[in-house]
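K.L.:
First the structure, then my questions, so here it is.
Residue numbers (the numbering used here), protein chains in the order written: chain D, 88 to 450; chain L, 88 to 450; chain G, 88 to 450; chain F, 88 to 450.
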């Protein structure tokens with residue numbers, strides 16, 4: 088990988104406060120702006136400073152950009168946006184042992200407390216005190232970002248920044264897909280946003296016998312096919328339950344990965360899973376969901392896993408191995424690589440669903 | 088244990104068809120009657136015939152007795168009712184290898200096919216072709232019952248029939264409670280019908296640090312206390328979420344066992360579980376249930392297990408060991424032992440919720 | 088698949104006892120002979136009779152052929168040899184529900200009792216009363232074989248007999264490899280006999296990041312490479328521990344699959360596994376093995392799995408899915424397809440280690 | 088609990104270097120001495136300083152005291168001994184978030200690096216860079232000890248110091264015993280040193296149906312009985328395999344916990360486990376061990392777990408819950424509470440095996 092050159096070293100010796108251009112949520116209103124802000128500095132001994140090489144847009148970023156109800160409650164402008172990145176360490180705090188300048192890293196966007204019950208039990212993905220990069224603290228849509236050592240992750244150098252930066256959503260897919268057995272199983276992925284199509288690829292890499300994918304848009308189903316789906320269903324045209332029944336002799340699939348958050352899809356997830364099957368729920372419904380729990384869930388003995396975040400750091404370790412070994416090729420999912428200045432265009436692509444991952448290359 | 092005496096041997100040599108008195112669902116209408124029916128005979132090489140020593144009433148029996156909507160769709164009268172029993176083998180089919188006359192047995196009420204995908208995968212509790220004793224085939228509210236070898240289970244002789252007969256619902260509790268870790272955990276059991284109070288006892292036997300139990304009736308909460316609950320909540324009087332928050336420093340409990348089927352309780356199950364906690368759903372809701380899946384389930388990373396039946400035969404093996412070793416004392420749950428003729432009284436107790444298990448002693 | 092034609096139907100109506108040519112262990116001495124024996128008949132209601140389309144040689148067959156100490160103690164001549172087969176059902180017993188003439192099947196070689204503790208706990212691969220086809224009862228090196236319904240398995244029709252017949256050893260590899268997580272892991276397979284090279288293929292199909300394979304013969308290492316090994320080590324030439332240390336930054340591999348049974352390899356298995364790693368032992372050592380358990384096992388916190396047989400029927404279900412979906416291509420492992428009469432040649436190939444699987448095509 | 092009083096607060100404001108009396112391994116030779124040493128001070132932001140209220144002797148301490156081969160290689164005198172303690176936090180480093188003066192804590196003796204592969208995978212008990220308190224760094228046989236925040240653990244205040252200090256070995260027993268299912272199982276504990284008798288208690292608390300314990304000394308078997316063993320075997324007098332065969336109908340026990348490290352016991356562990364059973368190895372053999380792996384392990388399909396340390400912090404969390412809830416009563420295991428000055432007497436008790444845990448109360 089090129090680009091991990093001398094710039095970092097030079098930065099390390101700098102003393103005066105510098106400015107940088109970052110994408111900032113400036114107002115409690117729709118939109119964002121590229122503006123000059125102070126370069127972040129290390130303020131605690133456990134922090135590292137990273138020069139961002141590539142960063143990508145998450146659905147969450149689009150929610151903040153468009154200023155939906157959740158964003159309005161949670162985000163306090165001005166806030167530098169962005170939480171998906173790959174970059175080079177340029178400086179480390181005095182207490183940092185595991186990283187040094189020149190390391191090639193990405194970051195876990197969920198900063199965890201380390202001492203709540205969940206953290207002590209190694210369930211840090213459900214930490215009671217999580218802070219999210221680019222949401223609760225300043226993010227990585229910027230040339231530099233400062234993160235705690237505990238949320239940084241060393242990448243394999245064979246994986247270029249434009250792939251390494253998308254590990255946060257890829258990790259969601261790895262976590263959801265590999266939360267149970269996949270090898271030799273039939274898998275249905277409901278919803279082909281970025282995490283959905285990543286889940287298709289992960290399921291195939293992990294030996295799934297067959298992977299079905301659904302969405303309402305052919306653009307996204309086409310991406311799912313490129314990432315390995317054996318068959319796709321546009322649910323605006325075909326009945327999913329009929330399709331699955333036909334393909335599985337009426338038994339249903341072994342594993343359903345619900346990535347859409349649509350209430351109708353969540354209900355279908357329960358119905359298309361076989362008796363004793365697994366349903367992993369990752370898509371976030373915007374409203375309450377009504378379920379026929381007796382018939383569709385309890386009598387069938389389903390296992391329903393609610394998935395959030397990535398397991399620290401099992402998910403990342405598996406992901407690094409899959410990417411570095413070439414077992415997992417996510418290239419078709421990166422549909423757009425834009426210069427940083429075109430973030431409004433990137434957000435428009437997100438709005439219209441005419442993209443997989445949109446990556447900003449930093450220079 | 089007394090009572091496993093010569094009667095069986097005598098029956099074995101009998102040739103002519105005999106009659107017996109059984110509790111029969113005679114009409115597609117509420118009620119049941121004690122009437123003379125032919126004694127069942129072995130008709131296939133894999134069957135065994137059992138002299139019933141004790142049998143007990145399940146909620147399902149009460150549903151059939153009162154002829155609710157589910158019963159009206161499923162049960163074809165006339166049908167001998169009952170599926171919980173303990174008895175003595177009096178005759179075995181020509182192909183039976185594992186049982187012989189004189190064996191002391193109970194029976195798994197779910198007769199499974201053995202060759203559907205679930206059966207082949209050792210998930211027989213979700214067999215695609217289950218038939219239920221006393222529902223789909225003639226049951227055990229009778230002096231004799233014939234069952235397939237594959238659904239019979241040898242009891243430990245130290246466990247008397249009035250305890251051995253309740254292993255079907257006890258097995259539900261064992262399955263639900265031990266479907267995840269319990270030792271050192273905090274557990275909440277929602278709903279203190281027989282399976283709920285059994286779950287309290289199983290959780291305590293398995294080393295739960297603390298067990299909370301809820302119901303709407305003090306009679307049942309009193310039973311839960313007798314079976315080991317550390318604290319009980321009458322949800323008509325106290326707010327469960329407040330109670331649990333206070334007891335767990337706001338964290339929630341590690342494990343929730345939902346045994347009531349009430350939609351409000353299912354919603355609370357999700358809310359009182361800690362982040363990353365386990366919710367096992369066993370109670371059957373009579374209608375659709377509306378859930379705030381985003382906040383109460385997905386962001387919390389819950390594991391939701393839908394529990395049905397008993398694992399064949401892991402559940403039974405664990406149950407035998409717990410009963411025979413004295414680790415599990417279910418005596419307080421057996422609130423009524425009635426003569427067989429008083430089934431109408433037993434059904435009235437069920438209707439009013441003024442009982443734990445109601446057992447019929449056969450002679 | 089061709090060949091599943093009318094012959095079976097014709098046999099079904101036959102009445103008189105027929106003869107057939109089978110490979111028989113005739114004497115308590117080395118060797119075997121092709122001789123006329125009575126065609127086996129169904130004698131119990133749960134049996135099925137199968138016309139053998141393909142059968143293959145296991146190491147166990149070679150042990151019986153060469154009459155080693157184990158064979159001399161266990162096998163009672165005359166005995167029809169062979170336990171690996173694929174064929175067509177030609178007749179079923181009166182109590183058989185799941186199979187019918189014309190079904191395309193293979194068979195689990197371990198006939199289990201169904202009622203010991205292990206069988207009841209769904210651990211039938213360690214049944215206390217196992218009988219082995221071709222060892223304890225007459226086998227399948229013959230045009231027809233009779234097996235219990237419970238040990239037959241329906242194949243996917245897309246898998247031809249010469250591949251379907253090798254599922255017994257392939258199942259060993261599936262069981263051993265998938266007894267823990269493989270996806271994204273580094274795996275070392277020690278010993279590249281048929282089960283070893285199958286394990287290489289299974290590990291790759293299941294998403295292993297990298298698979299190393301070892302043997303003492305280049306012929307076999309070449310097969311391992313064809314089945315997907317990323318790197319191979321001839322342990323007569325290179326030091327395995329040095330090799331693994333170099334490849335893993337001194338950490339060791341995540342998973343070791345010991346398929347050789349050589350004491351030195353078993354010791355190395357413990358040493359090349361990373362701290363907290365998994366070692367699955369399937370190769371059978373002929374003598375006692377001395378281990379430095381403190382340093383090589385306990386302080387490292389290894390998980391050591393002793394693997395025998397195949398899980399009934401999880402292993403078979405996964406195997407069918409992997410074969411039918413094309414995720415697992417075992418073709419390079421089938422090095423020889425011989426006519427049935429050339430069994431002495433086949434045994435010579437086994438003796439010299441100059442083969443993968445040797446298959447007999449029956450006509 | 089009394090004793091967590093003002094002393095700590097007073098220390099916090101102290102400036103000048105103080106001296107304290109500690110048990111020090113002063114020479115590379117047998118023995119130890121109580122001598123004046125400087126009170127330890129916090130030197131890094133992540134450290135906490137603890138006033139020791141109670142500390143106890145581990146077998147490792149005795150090895151260092153008697154200066155065996157392992158100690159001679161590993162320990163560099165002078166070194167303050169001891170790694171088991173309970174105490175009160177008197178001072179915290181500038182970066183410590185989770186602890187404050189006055190907290191009642193114990194400490195995990197294995198200090199882990201936090202960034203090796205094992206640590207990242209939440210397998211910190213097999214960290215590649217572990218340092219052990221009282222072995223590699225100065226220990227807790229002293230009035231004060233300084234430990235990293237990451238190795239401290241908050242105790243429940245209902246558990247008095249003389250019980251809280253023994254959580255390091257109790258945690259070994261919790262880890263080993265609960266590394267698989269215990270509820271309703273038969274368990275054999277081989278070796279009744281402190282960890283063995285703790286394992287007896289943990290197995291009973293976790294719902295084991297029956298627990299057998301073995302040793303060569305009646306004193307220790309008597310302790311095992313007090314901690315809940317259902318039957319004990321003095322292996323100098325009775326044959327363990329015969330005993331277990333008789334008690335289990337020849338099947339063997341479900342779970343074996345090997346705590347002795349004796350090669351003969353390790354071999355017996357494999358032989359008395361049932362087919363498909365679990366053997367957890369915790370005792371450290373001083374020499375190589377010869378095993379009949381084919382017959383005693385592989386054909387039986389055993390699961391062999393090598394256990395080291397405690398799972399951070401699942402083990403501690405479970406242990407706190409079991410102790411605080413009263414489910415686990417370890418009182419009979421604390422056979423001696425000595426004043427600190429009598430450490431030579433304590434070591435003599437260890438040497439003679441005439442003790443359970445020997446605790447030093449600090450003042």
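Beta carbons are placed, not taken as given, at the ideal position from N, Cα and C, and that holds for glycine. Values in this document were obtained by computation on a predicted structure and should not be read as measured data.
For residue 157 of chain G, which beta-bridge partners are listed by DSSP?
P.N.:
Stepping through the third chain from its first residue, residue 157 of chain G is reached at position 70. In the DSSP output, where bridge partners are listed per residue, residue 157 of chain G has none listed.
K.L.:
Can you list, in chain order, the residues of its chain whose CB lies under 8 Å from that of residue 132 of chain F, leaving out five sequence neighbours each side?
P.N.:
The residue you call residue 132 of chain F lines up with position 45 of the fourth chain. Closer than 8 Å at Cβ, skipping near neighbours: 180, 181, 182 and 183.
K.L.:
Taking 7 Å as the limit between beta carbons, can you name the residues of its chain near residue 150 of chain F, skipping five residues before and five after?
P.N.:
As a first step, residue 150 of chain F is located in the fourth chain; it is residue number 63 there, counting from the start. Closer than 7 Å at the Cβ level, and outside the excluded window around residue 150 of chain F, lie 157 and 158.
K.L.:
For residue 238 of chain F, is the classification buried or exposed, using 16 other Cβ atoms within 10 angstroms of its Cβ as the cut-off for buried?
P.N.:
For the purposes of this step, residue 238 of chain F is taken as the residue at position 151 of the fourth chain. Residue 238 of chain F comes out buried.
K.L.:
Okay, do the stretch 333–348 of chain L and the stretch 262–274 of chain L touch, 3+ Cβ pairs below 8 Å being the bar?
P.N.:
yes
K.L.:
Residues in the stretch 202–233 of chain F with C-beta within 8 Å of chain D's C-beta atoms, listed in sequence order?
P.N.:
202, 204, 207, 208 and 209
K.L.:
So who's on the other strand from residue 240 of chain L, going by DSSP bridges?
P.N.:
Counted from its first residue, the second chain places residue 240 of chain L at position 153. Beta-bridge pairing links residue 240 of chain L to L:193.
K.L.:
Does chain D have any CB closer than 7 Å to the CB of residue 395 of chain L?
P.N.:
The count along the second chain starts at 1 and reaches residue 395 of chain L at position 308. Closer than 7 Å to some Cβ of chain D, the Cβ of residue 395 of chain L qualifies, so yes.
K.L.:
Using a Cβ cut-off of 8 Å, pull out every chain D residue sitting near residue 132 of chain F, in sequence order please.
P.N.:
Translated into positions along the fourth chain, residue 132 of chain F becomes position 45. The answer, in chain order, is 132 and 182.
K.L.:
Cβ of residue 401 of chain L less than 7 Å from any chain G Cβ?
P.N.:
Position 314 of the second chain, counting from 1, holds the residue named residue 401 of chain L. Residue 401 of chain L counts as touching chain G.
K.L.:
Answer yes or no: does any C-beta atom of chain L fall closer than 7 Å to that of residue 414 of chain F?
P.N.:
Within the fourth chain, the letter at position 327 stands for residue 414 of chain F. Closer than 7 Å to some Cβ of chain L, the Cβ of residue 414 of chain F qualifies, so yes.
K.L.:
Assign residue 199 of chain D to one of two classes, buried (16 or more other C-beta atoms within 10 Å of its C-beta) or exposed (fewer than that).
P.N.:
For the purposes of this step, residue 199 of chain D is taken as the residue at position 112 of the first chain. The residue is buried, with at least 16 neighbouring Cβ atoms inside 10 Å.
K.L.:
Does the separation of the CB atoms of residue 320 of chain G and residue 335 of chain G fall below 7 Å?
P.N.:
Here residue 320 of chain G is taken as the residue at index 233 of the third chain, counted from 1. Here residue 335 of chain G is taken as the residue at index 248 of the third chain, counted from 1. Not a contact, by the Cβ cut-off of 7 Å.
K.L.:
Whose CA, out of G:222, G:328 and G:363, lies closest to the CA of residue 354 of chain G?
P.N.:
Here residue 354 of chain G corresponds to residue number 267 of the third chain, with the count starting at 1. Looking at the Cα atoms, G:328 is the closest of the given residues.
K.L.:
If you run the structure through DSSP and keep just helix, strand and coil, what is residue 355 of chain F?
P.N.:
As a working mapping, residue 355 of chain F is identified with position 268 in the fourth chain. Residue 355 of chain F: helix per DSSP, three-state reduction.
K.L.:
Using three-state DSSP, classify residue 231 of chain L as helix, strand or coil.
P.N.:
Indexing the second chain from 1 puts residue 231 of chain L at position 144. In the structure shown, residue 231 of chain L sits in a strand (DSSP, three-state: E or B).
K.L.:
Can you tell me which of D:140, D:172 and D:120 puts its alpha carbon nearest to the alpha carbon of residue 258 of chain D?
P.N.:
Residue numbering aside, residue 258 of chain D sits at position 171 when the first chain is read from its first letter. Ranking D:140, D:172 and D:120 by Cα distance to residue 258 of chain D puts D:172 first.
K.L.:
Quick one: give me the first and last residue of the alpha helix (DSSP H) that residue 366 of chain L is part of.
P.N.:
The count along the second chain starts at 1 and reaches residue 366 of chain L at position 279. Premise fails: residue 366 of chain L lies in the beta strand (DSSP E), 360–368, not in any alpha helix (DSSP H).
K.L.:
Which residues mark the beginning and the end of the beta strand (DSSP E) in which residue 447 of chain L is found?
P.N.:
For the purposes of this step, residue 447 of chain L is taken as residue 360 along the second chain, with counting starting at 1. Counting along the chain, the beta strand (DSSP E) containing residue 447 of chain L begins and ends at 444–448.
K.L.:
Note the first and the last residue of the continuous beta strand (DSSP E) segment covering residue 302 of chain F.
P.N.:
If you number the fourth chain from 1, residue 302 of chain F lands on position 215. From DSSP, the beta strand (DSSP E) with residue 302 of chain F extends over 297–302.
K.L.:
Short of 6 Å in beta carbon distance, which residues of its chain neighbour residue 433 of chain L, apart from the five on each side in sequence? Order them along the chain.
P.N.:
Your numbering for residue 433 of chain L matches position 346 in the second chain. Once the five neighbours on either side are set aside, the close Cβ partners of residue 433 of chain L are 144, 425 and 445.
K.L.:
Strictly under 7 Å for the Cβ-Cβ distance: is residue 270 of chain G near chain D by that measure?
P.N.:
Indexing the third chain from 1 puts residue 270 of chain G at position 183. Answer yes: the Cβ-Cβ gap between residue 270 of chain G and chain D drops below 7 Å somewhere.
K.L.:
In whole angstroms, what separates the C-alpha of residue 233 of chain G from that of residue 254 of chain L?
P.N.:
Position 146 of the third chain, counted from the start, is the residue given in the question as residue 233 of chain G. Position 167 of the second chain, counted from the start, is the residue given in the question as residue 254 of chain L. A straight line joining the alpha-carbon of residue 233 of chain G with that of residue 254 of chain L spans about 39 Å.
K.L.:
For residue 430 of chain G, does the count of other Cβ atoms within 10 angstroms reach 16, so buried, or fall short, so exposed?
P.N.:
Within the third chain, numbered from 1, the residue matching residue 430 of chain G stands at position 343. By the 10 Å Cβ count, residue 430 of chain G comes out buried.
K.L.:
Per DSSP, residue 171 of chain D is paired with what?
P.N.:
As a first step, residue 171 of chain D is located in the first chain; it is residue number 84 there, counting from the start. Beta-bridge pairing links residue 171 of chain D to D:143.
K.L.:
Could you tell me the distance, in whole angstroms, from the CA atom of residue 215 of chain G to the CA atom of residue 167 of chain G?
P.N.:
Sequence index remark: in the third chain, residue 215 of chain G carries index 128 (1-based). Sequence index remark: in the third chain, residue 167 of chain G carries index 80 (1-based). C-alpha separation (whole angstroms): 24 Å.
K.L.:
Between the stretch 272–288 of chain D and chain L, which residues of the former have CB atoms less than 9 Å from a CB of the latter, in chain order?
P.N.:
none
K.L.:
Does residue 185 of chain D have its Cβ less than 7 Å from a Cβ in chain F?
P.N.:
By one-based count along the first chain, residue 185 of chain D stands at place 98. Yes, residue 185 of chain D counts as interfacial toward chain F.
K.L.:
How is residue 136 of chain D classed by DSSP in three states: helix, strand or coil?
P.N.:
Position 49 of the first chain, counted from the start, is the residue given in the question as residue 136 of chain D. Correct three-state label for residue 136 of chain D: strand.
K.L.:
If we count Cβ pairs, one from each stretch, closer than 8 Å, do we get three or more for the stretch 380–398 of chain F versus the stretch 380–392 of chain G?
P.N.:
yes
K.L.:
Compute the distance between the beta-carbons of residue 222 of chain F and residue 162 of chain F, then report whether it is under 7 Å.
P.N.:
Working through the fourth chain from its first residue, we reach residue 222 of chain F at position 135. Working through the fourth chain from its first residue, we reach residue 162 of chain F at position 75. Against a cut-off of 7 Å, the Cβ pair of residue 162 of chain F and residue 222 of chain F comes out as a contact.
K.L.:
Ordered along the chain, which non-local residues of its own chain (more than five positions away) have a Cβ less than 7 Å from that of residue 97 of chain F?
P.N.:
To locate residue 97 of chain F, count along the fourth chain from 1; it is residue 10. Since pLDDT at residue 97 of chain F reaches only 43, below the 50 mark, its modelled position is unreliable, and the value read off the structure follows with that caveat. Nothing listed; no residue qualifies.
K.L.:
How big is the Cα-Cα spacing for residue 400 of chain F and residue 204 of chain D?
P.N.:
Working through the fourth chain from its first residue, we reach residue 400 of chain F at position 313. Working through the first chain from its first residue, we reach residue 204 of chain D at position 117. In a straight line, the C-alpha of residue 400 of chain F is about 9 Å away from that of residue 204 of chain D.
K.L.:
Pull up the distance between the alpha-carbon of residue 313 of chain L and that of residue 246 of chain L, whole angstroms please.
P.N.:
Here residue 313 of chain L refers to the residue found at position 226 of the second chain. Here residue 246 of chain L refers to the residue found at position 159 of the second chain. Rounded to the nearest angstrom, the two C-alpha atoms are 20 Å apart.
K.L.:
Checking contacts by CB at 7 Å: is residue 335 of chain D closer than that to chain G?
P.N.:
Counted from its first residue, the first chain places residue 335 of chain D at position 248. For residue 335 of chain D, the answer is no, since every Cβ of chain G falls outside 7 Å of its Cβ.
K.L.:
With a floor of 4 residues, list each alpha helix (DSSP H) that falls wholly inside the stretch 247–309 of chain G, ordered by position along the chain.
P.N.:
The stretch 247–309 of chain G contains these whole alpha helix (DSSP H) runs: 248–251, 254–264 and 281–292.
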